[in-house]
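Residue numbering for the sequence shown follows our numbering, starting at 18 and increasing by one per position.
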Amino acid sequence: MSSKPLGDRPFFGLRGGWLTLWITIACATDMTLFGYDQAVFSGVIVTHDFLALHGLVSQTSMIATLSAIYAVGCFVGAVVAFSVGERLGRKKTILLGTCIMSVGAVLCTASHSLPQMFVGRIITGVGNGVNTATAPVWQTETSRAAWRGRLVLLEMGMNIVGFCLCNWINYGMSFAGGSVAWRFPLSFQFIFILVLFATVPWLPESPRWLIAHSRHAEALQILGALEGRDADDPFVEAQHREIVFSVEYEREHSVRWRDLAGGRASAAGNTKTIRRLVLGAGTQLMQQFGGINIASYYMPTVFINAVGLSETLARLLSAVAATVYMVFSLGAVTLVEKWGRRGLMMLSTAGQLVSFLAITILLRFAEGGQEDGSGRGPATASIFFFFFYYISFGVGMLGVPWLYPTEINSLPMRTKGAAFATCTNWITNFAIVEITPIGIENIGWRFWIVWTVFNAVFLPVIYFFYPETSNRKLEDMDEYFRSDPRLIVTGDKAAICTARPAHYIEREDEEIRRRAREHANSSPVGLAEDLPEEKKG
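Structure follows, in C-alpha cells:
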C-alpha cells in the first residue's frame with residue numbers, strides 16, 4: 018500500500034520533543050475530558066432542579082441506573098475501538114469517538130425528559146469508551162521509552178485535573194439555582210471537544226500502526242520526526258527494523274479470537290497472547306474493584322448519607338478532595354520510571370487497603386452512635402481516610418492500569434488488548450456504580466468491608482504475577498514473552514527490575530552498529546534494495 022507524501026515540512030515543522038509535546042496535549046485533553054465527564058454527574062444528581070424535572074426525587078435505584086448507564090455506553094465504545102480501531106488507525110478512531118461524544122453532550126445539556134437523558138448518557142459513554150481505549154495506545158506508540166510512562170501518567174493526571182475542575186464548577190454552580198446549575202456543567206465539556214478537533218487531525222499517526230499496515234515510508238519519516246533525526250539515520254532504521262521483526266513474528270504466531278474464546282491456549286504459541294491480555298485487563302479490574310468509582314461518582318452522596326454532612330459542605334469537601342487527588346496524581350509522573358509499574362501499583366493498593374479498613378471501622382462506630390450523638394466524631398474522622406484514599410489511588414492505580422495494557426500487549430494485539438482492558442474497566446465500573454447507593458442505603462458500614470477485602474487480595478496478585486515494563490522498549494516486552502517466562506515473576510530479577518535489562522541494551526547497540534556499518538559500506542543501489550518497496554520509489 019503506497020503512502021501519500023507528507024510534504025517538505027510536515028506537522029508544521031515540529032520535530033523531536035516538540036512534536037511529542039503536541040501529541041501529549043491532544044491525548045491529555047482527551048483524558049481531561051474523560052475526567053470531567055466522570056465527575057459531572059456527581060453534582061448533577063444532587064441538584065434539586067434536575068431531580069424534579071426528570072422525576073427522580075427519592076428514586077435511588079433509578080438515579081443509580083442513570084449514573085451507571087454511562088459505563089455501559091463506555092463499554093460499547095471500547096468494543097467499537099476493539100473492532101474497528103485497528104483498521105482506522107489511532108487518529109481517526111479518536112476523532113470518531115470525539116464526534117460521538119459531541120452528539121451525546123448536546124442531548125444531555127438540552128435534556129427535558131428522563132429518556133432523553135438516558136440516551137444522551139449512553140451516547141456520550143460510547144464516544145468516551147472509543148477515546149479511552151485509543152488515546153493511551155497512540156501516546157505509547159509515539160513516545161520514547163524513557164518518556165512513555167511519564168507521559169501516560171501525565172495524561173491520567175490531567176484526567177484528574179478535569180475531575181477536579183468539574184467538582185469546583187459543580188460547587189460554584191450549586192449557588193446559581195435553576196437548570197443552569199446542571200446544564201452549564203454538562204455543556205462545559207465542549208471546550209475540550211473543540212481542542213481535540215483542532216489538534217488531532219494534523220498530528221502524526223502511530224509509526225507502529227503504519228508499519229503493521231505496510232506503510233513503511235510514512236513510518237520512517239514519522240519515526241525520524243519523533244526522534245528529531247533523518248529518516249535514513251542508523252538509529253531510526255534500527256528502530257524500524259526492530260518493529261518490522263516484531264510485526265512479522267506476531268503474524269507468524271497470530272491468534273484468532275475464536276481460538277481465544279474457545280479456550281485453546283496453545284494457539285497463542287510463544288507470544289503468550291492470553292497471558293498478556295489477562296495481565297493488561299487485570300490492572301483495570303483491580304482499579305475498579307479497588308473502589309475508585311464509589312468516590313468519583315458518589316462522594317457527595319456518601320458525605321450526605323453516610324457521614325451526615327449538608328449538601329453544600331459535601332460539595333465543598335468533594336471539590337477539596339479532588340484538588341488533593343489532582344496534586345498527588347500529577348506527582349506520580351515523577352515516580353513511574355523510578356519506582357516502576359509494580360512498585361506504584363503495590364504502594365497504591367496498600368494505601369487503599371488502609372483507607373477502606375479505617376473507613377469501615379469508623380463508620381461502624383458512627384452508625385452505632387447515632388442515637389446518643391457519639392457517632393459524630395468517628396463519622397468526621399472518616400473524611401480524612403476518604404482523602405487518604407484519593408492520595409493512595411492517585412499515585413499508582415489511577416494511571417498505571419491505563420499504561421500497562423498498552424505496554425504488555427504485542428503490536429498486532431495492542432489495540433485489541435487496550436480495548437479489552439478498557440471493556441473490563443467499564444463493565445466493572447457499571448456494576449460498582451449501580452450497586453453503590455443501594456449498598457450504602459441497605460447495609461450501611463458493612464458495604465465498606467467488600468472493598469477492604471478486594472484490596473487485600475490484589476496486593477499479592479501484583480507482587481507475584483506482574484512483570485515490570487518501566488524503561489523497556491515495547492519490543493523488549495515482545496522478546497521477554499518469546500523467552501517463555503515463568504508465571505510467577507518474583508524469582509526473575511530481569512522481569513521485576515525497574516532499569517532496562519542489560520541484554521536488551523546490548524542487542525539494540527549491536528543493531529545500530531550494524532546499520533551504521535551498512536551505511537558506510539553500501540552504495541545507493543544497495544541501500545535501495547534494503548528498503549521497503551514504497552521507499553525505493
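Backbone N, C-alpha and C define an ideal beta-carbon position, used for all residues, glycine too. Please read all numbers here as calculations on a predicted model, not as lab measurements.
{"Check": "So is Glu523 buried or exposed if we call it buried at 16+ other beta carbons inside 10 Å?", "Outcome": "exposed"}
{"Check": "Thinking C-alpha only, which one of His233, Arg167, Val101, Asp501 is nearest Arg358?", "Outcome": "Arg167"}
{"Check": "Where do the N-terminal and C-terminal ends of the alpha helix (DSSP H) with Val169 fall, by residue?", "Outcome": "162-190"}
{"Check": "Measure from the alpha carbon of Val57 to the alpha carbon of each residue in Phe205, Ala163, Met173, His71, then state which is nearest.", "Outcome": "Phe205"}
{"Check": "Could one say the Cβ of Gly325 lies closer than 9 Å to chain B's Cβ atoms, at least one of them?", "Outcome": "No chain B is part of this structure, which consists of one protein chain only."}
{"Check": "Helix, strand or coil: which one does DSSP assign to Val101?", "Outcome": "helix"}
{"Check": "Please determine if the stretch 183-201 and the stretch 51-66 are in contact, where contact requires at least 3 C-beta pairs separated by less than 8 Å.", "Outcome": "yes"}
{"Check": "For Thr329, count neighbouring C-beta atoms within 10 Å of its own C-beta (all shown protein chains included) and say buried if the count is 16 or more, exposed if not.", "Outcome": "exposed"}
{"Check": "In terms of alpha-carbon separation, which member of Gly241, Pro153, Ala338, Leu131 lies closest to Val74?", "Outcome": "Leu131"}
{"Check": "What whole-angstrom Cβ distance do Ile479 and Thr366 have, given they're in contact under 8 Å?", "Outcome": "7 Å"}
{"Check": "Just to check my reading of the structure: Gly146 and Gly90 have Cβ atoms closer than 8 Å, yes? What is that Cβ distance to the nearest angstrom?", "Outcome": "6 Å"}
{"Check": "Could you tell me which of Leu364, Thr397, Gly416 sits nearest to Ile378, measuring between CA atoms?", "Outcome": "Thr397"}
{"Check": "Relative to the C-alpha of Ala95, which residue among Ala234, Phe410, Ala298 is closest?", "Outcome": "Ala298"}
{"Check": "Can you list, in chain order, the residues of its chain with a C-beta nearer than 6 Å to that of Arg530? Leave out the 5 residues immediately preceding and following it.", "Outcome": "none"}
{"Check": "Any idea what DSSP makes of Tyr87, helix, strand or coil?", "Outcome": "helix"}
{"Check": "For a minimum of 4 consecutive residues, which ranges assigned as the alpha helix (DSSP H) are wholly contained in the stretch 398-452?", "Outcome": "417-425"}
{"Check": "Tell whether a beta-carbon distance below 9 Å holds between Asn472 and Gly307.", "Outcome": "yes"}
{"Check": "Quick test of the definition: if touching needs 3 or more C-beta pairs under 8 Å, does the stretch 44-53 touch the stretch 146-156?", "Outcome": "yes"}
{"Check": "Quick check on Thr351: buried or exposed, where buried means 16 or more other Cβ atoms within 10 Å of its Cβ?", "Outcome": "exposed"}
{"Check": "Assuming Ser372 is part of the alpha helix (DSSP H), what are its boundary residues?", "Outcome": "353-385"}
{"Check": "Between which two residues does the alpha helix (DSSP H) carrying Glu235 extend?", "Outcome": "233-244"}
{"Check": "Evaluate contact between the stretch 451-467 and the stretch 309-324, counting only Cβ atoms and requiring at least three cross-stretch pairs below 8 Å.", "Outcome": "yes"}
{"Check": "Looking only at C-alpha atoms, which of Arg499, Ala448, Glu158, Cys440 sits nearest to Gln301?", "Outcome": "Cys440"}
{"Check": "For the 8 Å Cβ check, are there 3 or more pairs between the stretch 404-411 and the stretch 332-348?", "Outcome": "yes"}
{"Check": "Just to confirm, does Ala69 get its C-beta within under 8 Å of one of the non-hydrogen atoms of the ligand PLP?", "Outcome": "The model depicted lacks the ligand PLP and carries no ligand whatsoever."}
{"Check": "If you drop the 5 nearest sequence neighbours on each side, which residues of the same chain put their C-beta closer than 6 Å to that of Gly106?", "Outcome": "Glu222, Trp226"}
{"Check": "Could you work out which residue in Pro518, Ala383, Leu170, Thr159 is closest to Arg32 when comparing CA atoms only?", "Outcome": "Thr159"}
{"Check": "With a threshold of 7 Å on Cβ separation, who are the neighbours of Ile444 within its own chain once the five nearest residues in sequence on each side are excluded?", "Outcome": "Phe92"}
{"Check": "At what residues does the alpha helix (DSSP H) containing Gln133 begin and finish?", "Outcome": "131-158"}
{"Check": "Which one of Leu334, Phe464, Arg332 has the shortest CA to CA distance from Arg381?", "Outcome": "Phe464"}
{"Check": "Sort Asn176, Tyr406, Val178, Ala323 by Cα distance to Gly385 and report the nearest one.", "Outcome": "Ala323"}
{"Check": "Asn538 by DSSP, collapsed to three states: which one?", "Outcome": "helix"}
{"Check": "Apply the 10 Å Cβ neighbour rule to His129 and answer buried if 16 or more other Cβ atoms are within range, or exposed otherwise.", "Outcome": "exposed"}
{"Check": "Leaving aside the five residues before and after Thr126 along the sequence, list all residues of the same chain whose C-beta is less than 7 Å from its C-beta, in chain order.", "Outcome": "Arg200, Leu203, Ser204"}
{"Check": "Taking all protein chains shown into account, decide if Ala163 is buried (16 or more other Cβ within 10 angstroms of its Cβ) or exposed.", "Outcome": "exposed"}
{"Check": "Quick check: the Cα distance between Asn310 and Ile449, rounded to an integer number of angstroms?", "Outcome": "7 Å"}
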